[in-house]
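Novice: Chains as they are written, first to last, in our numbering: chain A, 957 to 1107; chain B, 294 to 619; chain C, 564 to 1064. Beta carbons are placed, not taken as given, at the ideal position from N, Cα and C, and that holds for glycine. For clarity, every value in this text was computed on a predicted model and none was experimentally measured.
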Amino acid sequence: MRAGNADLWSGLALAALAGYIIVQASGWDYTGPDGPGAGFFPLWYGIAMAALSAALVASSVLRSAPESVDWRGAGRAFTVWLALALSVAAFKLVGFVIGFAALTFFMVVVMYRRPAVVAAVVAVALAAGFYVLFQRLLDVNLPCVWIFCPG
Amino acid sequence: MRKRIAFAAAAALAALAASAPAWAQGFKPTRPVEVVVHTGPGGGSDVLARAVALMMEKEKLLPVRMQVVNKTGGGGAVAAAYLAEKKGDQNTLGFFTGVWLAGPLTSAEAKVTLRDLTPIARLVLEPAVIAVKSDAPYKSLPEFIAAAKKSPGQLKQSGGSVTSRDNVVRQLLQKSTGAQWAFISFPGGGERIAALLGGHVNMMVIEPAEAGEHIRAGNMRVLAQVTDKRLPGFPNVPTLKEAGFDVPAVPQVRGVVAPPAIPRENVAYWEDVFHRLTKTASWQKFLADNQFEDGYQNAAELTRFYDEFTGRMRGILQEAGVKLVR
Amino acid sequence: MDILSGLMQGFAVALQPVNLLWCFVGVVLGTVVGVMPGLGPPATIAMLLPLTFLMNPAGAMIMLAGIYYGAKYGGSTTSILLNVPGESASVVTCLDGYAMARKGRAGAALGIAAIASFVAGTVGVLGLMLIAPPLAKVALAFSAPEYFSLMAFGLAMVVLLAGRSMLKALLAMLVGLWIAGIGTDPFSTTSRFTFGRLELLSGVDFVVVAIGVFALAEVLACMEGRAEGQALPVPKGLRNLLPTLQDLKDCRFAFVNGSVLGFLIGVLPGAGSTIASFISYGVEKAVSRRPQEFGKGAVEGVAAPEGANNSETGGALVPLLTLGIPGSGTTAVLLAALVLWGFKPGPLFISENPSLFWGLVASMYIGNVMLLVLNLPLVPLFAQVLRTPGFVLYPLILGISIVGVYSVSGSLFDVSLVVAFGLLGYLMRKLDYPAAPLVLGLVLGGAMERALRQSLMMSQGDLSILATRPICAVMLSLALLILLIPSFNKLNAWRLQALEE
């Protein structure tokens, strides 16, 4: 994807956000009983955002020699992000210890191509480490389920 | 041998029978009790909860200890929602304040009201005083009101949010006297005091404990007290009624709630524990040190108070021009 | 009480073996707490309060204060090594600190952070000792209009954090302003941008955004390549393990800058160490002879903000101890502690409790020395953390981020927010949007809006209040000047170009 294109899309996304902000802000009071209201500030920075994102879109369209964005490794990054998101979503069901161990296992095996044994060791060690340090020693609660919960 | 076993069995049964009345007494907590507060560490509710936990231990009122859990956010809405989720949980309590009562009126997202939870007891009423900087020209509240009448909207008061007690007192006074002055919200207590001491605002409603040191140092002067009876620390300051203003002395309330669907006997147990707490010497000392008033009410009285309070709040907020959602 | 005799009395208290012990415990605990993102001094101090009843009040105060400024030392460690801000004030250290680590100079960065923290921390204590009461009076002259101009001045710094595209930097800042606006508006109780979710009623926590946009985005970026072996080059040789004499020379102004600005901003109730470190960084970059180095590993870019966030602790104690007004989350807990112990913080506190005050001041000198002695030799050790193979380190960072965020609010919603911000941060990196302006907008946005509305309430809607109050007018002019710097540079460049032709 050429940078011109990337700027175009991000500029449009920001313009959409700016539009949303302006619409919401116009629904609130511009001036309240004792001074500026809830809509005052958002309206102004919404307008600024709209103007600047329009400028960005314009400049990306008019640009003659765009530099390219390097999307080569992005697939790997997105995969890890997806794994992270799923793991966090699973916390409610399986708790932090199991969810995090699963995430670590996935990362070591899939991303780093290490043997499953190594992955398992690292996963268990890290998850156990967090559990012992935080839940037990520091008394800081982690999302938990079943036997990992306090008290 | 058989005789001994039989004897032991009989003795055991007898012991069981003797302790049965203790079982019949019902609920007693066996795990540390989680006390939910809506402020962060150091905030008003947090400090109260920690003080109560200490007193419970000192006076041996509970067989277990109390643990404070901070669930900040949304002016009490997050803490209230957390309690609402713990339906039937017998080991959790919450300490509420006035914002828990007012929040659901103005905030669509704050869905949990005190009625949705199980009220246990009301504990303290926090009075307030009306203070000005010591070099201000007003020596009494009527003088301040007169000055406000002369220049409507020019005088300024620093305080918390629009639904806070500070603003409620202002709204009530404005309505009853016809005077008008501006209200400036500062999120932190420290900033409010700094605004007054720096001369940027003219007056504030402040808790006596916070004001104490500034008064002693001669930086602040108290015009009136927002109480029904004169506080022991301010024997020479008139109450609102004594100063001639027919305005209810709005207190800041603090009390205890429990999650919904708690068995009746648990409520009775907690009511009893807190009632006994309010009778102890440590509690009396705590109240005196902080200049709180004992506002103990049991669960039924608290429910009635809640209805009264929210009804009055609705009226005040509507007049102040704040949009109500419930 | 005469300062010298007060100090003598203070050292007599602070040098008692039991108080020395508490000081040590406090600073070590503080350092550990500072390293962990999320877990901060306020929560730690609150947890330890029941324990403090068993100690003498001076010892307890010394320990709690030790946690407070010790955490500032610890916060820089993970910022530099892992791009994970341990404390919200350490976000700025991530910018140049992590860049230095990427260049293999992690040790030098850690060392300069420790030294800057020591110098600034000591200056902060000096300030507390010498000019606290008169300074507090001056600080009272600061109110909403002055805060607004201070925030505007801070936001003008975005111009200096811009990098290549000013347009993108400004857009990032505006997004930061928007995120700052999420939540309940305190003046009107209107809910803004909460999407009906009650968890958003109090807004988005700064820690959530910072960890997402810095730490998580970094991990995602590092996942791109076929990662083998180590994440970052391990510093080799004394030159990279510790700061060189040249580094120290380069940081001369940064030490002063960080110490003075941090202390002064700390005195203002409500302006915190994050603002102090941003402004200090911005000023350092503005006066630097090699501004283009900032963001790529300039030592001064680590020294200035680290110094600022340390001397800020000394500054924040000024309003607490001279007026009984807490200026930040931690000082609020310290205030509660003092009240629980039976003291009455207020204008008469120092004169009525001289041994406590001077004991505290003396212990802060001692504590800063302890921290320097503890941290400097540990620097090469910390730098070895970078030896950890990537497949252990990156899951570890993810875990630290999750636990750190969860420990702040106990809410899984916040954890899912941090994951979302991680994606945002990664996309920003790919599309060349700088992260620092976003964080700047987030930190300053809320405060700036509040200050502006408070100012207009004070003046009945008259904007001229901003121009008639002297401090406010001066700072707004400075802000304007800073905004014009790029134009000056451009003009200069044209001028030079024209001369050459």
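Residues of chain B with a CB under 9 Å from the CB of residue 760 of chain C: which are they?
Specialist: Per Cβ cutoff of 9 Å: 402.
Novice: Mind pulling the beta strand (DSSP E) runs of 3 or more residues that sit fully within the segment 827 to 891 of chain C?
Specialist: Listed in chain order, there is nothing to give.
Novice: Using the Cβ count rule (16 or more neighbours within 10 Å means buried), how would you classify residue 920 of chain C?
Specialist: Under this definition residue 920 of chain C is a buried residue.
Novice: Are any of the Cβ atoms in chain C nearer than 8 Å to that of residue 326 of chain B?
Specialist: Chain C contact via Cβ: absent.
Novice: Would you check if there are 3 or more beta carbon pairs closer than 8 Å linking the segment 708 to 723 of chain C to the segment 838 to 851 of chain C?
Specialist: Contact holds: three or more Cβ-Cβ distances are below 8 Å.
Novice: Could you tell me which chain C residues have their CB closer than 8 Å to the CB of residue 1070 of chain A, listed as they occur along the chain?
Specialist: The contacting residues are 954.
Novice: Alpha carbons only, please: which of C:1030, C:1000 and C:1017 is nearest the one belonging to residue 512 of chain C?
Specialist: Residue coverage of chain C in this structure runs from 564 to 1064, which leaves residue 512 of chain C outside it and unanswerable.
Novice: Counting only C-beta atoms, is residue 1016 of chain C closer than 8 Å to chain A at any point?
Specialist: Closer than 8 Å to some Cβ of chain A, the Cβ of residue 1016 of chain C qualifies, so yes.
Novice: If you draw a straight line from the alpha carbon of residue 630 of chain C to that of residue 611 of chain B, how long is it in whole angstroms?
Specialist: Going by the C-alpha atoms only, they are around 46 Å apart.
Novice: Measuring only the C-alpha atoms, how far is residue 316 of chain B from residue 936 of chain C?
Specialist: Here residue 316 of chain B scores only 39 on pLDDT, less than 50, and its place in the model is too uncertain to base an answer on.
Novice: Considering only the beta carbon of each residue, do residue 1013 of chain C and residue 994 of chain A sit closer than 8 Å?
Specialist: No, the pair does not count as a contact, with Cβ atoms beyond the cut-off.
Novice: DSSP three-state call for residue 1048 of chain A: helix, strand or coil?
Specialist: Correct three-state label for residue 1048 of chain A: helix.
Novice: Please look up how many angstroms separate the CB atoms of residue 374 of chain B and residue 761 of chain C, rounded, as I've assumed it's under 8 Å.
Specialist: Sure, about 6 Å apart at Cβ, within 8 Å.
Novice: Would you kindly report the start and end of the unbroken alpha helix (DSSP H) that includes residue 1060 of chain C?
Specialist: Unbroken alpha helix (DSSP H) run through residue 1060 of chain C: 1033 to 1063.
Novice: Can you name the residues that DSSP bridges to residue 987 of chain A?
Specialist: Answer is A:992, bridged to residue 987 of chain A.
Novice: In chain A, which residues lie with their C-beta within 7 Å of the C-beta of residue 750 of chain C?
Specialist: Simply 988.
Novice: Helix, strand or coil: how does DSSP classify residue 748 of chain C here?
Specialist: If DSSP states are grouped into helix, strand and coil, residue 748 of chain C belongs with coil.
Novice: Given that residue 586 of chain B touches chain C, what residues does it touch there, using C-beta distances under 9 Å?
Specialist: Within chain C, no residue comes near residue 586 of chain B; the closest Cβ sits about 18 Å away, beyond 9 Å.
Novice: What three-state label does DSSP hand residue 725 of chain C in the structure shown?
Specialist: The answer is coil: DSSP assigns residue 725 of chain C none of H, G, I, E or B.
Novice: Let me confirm a value: residue 571 of chain C is counted as buried when at least 16 other C-beta atoms fall within 10 Å, else exposed. Which label applies?
Specialist: Burial call: exposed.
Novice: For residue 532 of chain B, which beta-bridge partners are listed by DSSP?
Specialist: Residue 532 of chain B is bridged to B:518.
Novice: Rounded to the nearest angstrom, what separates residue 938 of chain C and residue 948 of chain C at their Cα positions?
Specialist: Cα-Cα distance, rounded: 15 Å.
Novice: With a cut-off of 8 Å, does the C-beta of residue 754 of chain C fall near any C-beta of chain B?
Specialist: Chain B contact via Cβ: present.
Novice: Pull the bridge partners of residue 755 of chain C from the DSSP assignment, please.
Specialist: Answer is C:746.
Novice: By the 8 Å beta-carbon criterion, what residues does the segment 467 to 487 of chain B contribute toward chain C?
Specialist: Going along the segment 467 to 487 of chain B in chain order, one finds 475, 476, 477, 478, 479, 480, 481, 482, 483, 484, 486 and 487 with a Cβ nearer than 8 Å to chain C.
Novice: Nearest-angstrom Cα distance between residue 1082 of chain A and residue 932 of chain C?
Specialist: Distance between the alpha carbons of residue 1082 of chain A and residue 932 of chain C: 34 Å.
Novice: Look at the alpha carbon of residue 722 of chain C and the alpha carbon of residue 1046 of chain C, and state the distance between them as a whole number of angstroms.
Specialist: Each residue's Cα considered, the two are about 6 Å apart.
Novice: Determine the contact status of residue 699 of chain C and residue 1009 of chain C, defining contact as a CB-CB distance below 8 Å.
Specialist: Taking 8 Å as the Cβ cut-off, residue 699 of chain C and residue 1009 of chain C do not qualify as a contacting pair.
Novice: My guess is that residue 875 of chain C and residue 826 of chain C are in contact by the Cβ rule of under 8 Å, so how many angstroms apart are they, rounded?
Specialist: 7 Å between Cβ atoms; contact.
Novice: Tell me the DSSP bridge mates of residue 587 of chain B?
Specialist: In the DSSP output, where bridge partners are listed per residue, residue 587 of chain B has B:417.
Novice: Could you check whether the Cβ of residue 734 of chain C sits closer than 8 Å to any Cβ belonging to chain A?
Specialist: Cβ-Cβ to chain A under 8 Å: yes for residue 734 of chain C.
Novice: Looking at residue 372 of chain B and residue 402 of chain B, is the spacing between their C-beta atoms short of 8 Å?
Specialist: Against a cut-off of 8 Å, the Cβ pair of residue 372 of chain B and residue 402 of chain B comes out as no contact.
Novice: Rounded to a whole number of angstroms, what is the C-alpha to C-alpha distance between residue 314 of chain B and residue 562 of chain B?
Specialist: Low confidence applies to residue 314 of chain B: its pLDDT is 41, below 50, so where it sits in the model is not reliable enough to give any reading.
Novice: Check this for me: beta carbons of residue 991 of chain A and residue 658 of chain C, under 8 Å apart or not?
Specialist: No, they are not a contact pair.
Novice: Determine, using beta carbons only, whether residue 602 of chain B and residue 415 of chain B come nearer to each other than 8 Å.
Specialist: Not closer than 8 Å, so no.
Novice: Using only the alpha-carbon positions, how far apart do residue 803 of chain C and residue 958 of chain C sit?
Specialist: Roughly 27 Å separates the two Cα atoms.
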